[in-house]
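These notes are about the structure you will find just below.
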Amino acid sequence: MSIELTDFEREVYEFIKKHGELLTTNIPSRMIGAIPNLKNRGLIEVYKRVTGRWTSKKRKFVKAIPS
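Oh and the sequence shown: position 51 is 116 in this note's numbering, straight run, nothing missing.
The following block contains the structure:
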């Protein structure tokens with residue numbers, strides 16, 4: 066990886082990469098702060114998706130972009 070990351074950002078990126086697609090609510094609260102930096106660097110994708118069949122409510126998901 067040629068992008069310079071702090072140790073903590075690397076830890077968060079590896080966590081997301083290891084677990085695949087995650088709800089943002091399932092990410093530990095101490096790791097949430099690194100998500101905007103990783104998104105701005107193009108390492109992860111944050112998107113909304115409908116999770117229930119009978120509801121229009123959307124939930125936020127995060128996944129690592131394959132490099």
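Virtual Cβ for every residue (Gly too), placed ideally from N, Cα, C.
In the DSSP assignment, LYS128 forms a beta bridge with GLU110.
The beta carbon of ALA99 sits closer than 7 Å to the beta carbons of PHE73, GLU74 and VAL77 from its chain, once the five residues preceding and following it are set aside; these are given in chain order. If you ignore the 5 residues before and after LYS128, its C-beta comes within less than 6 Å of the C-beta of GLU86 and GLU110, all in its own chain and listed in chain order. Under the three-state reduction of DSSP, LYS123 is assigned to strand. Shown here, LEU70 sits in coil according to DSSP, grouped into three states, outside any helix or strand. About 7 Å separates the Cβ atoms of LYS125 and LEU88, confirming a contact at the 8 Å cut-off. Counting only residues of its own chain and dropping the five nearest sequence neighbours on each side, LYS104 has a CB closer than 7 Å to the CB of VAL111.
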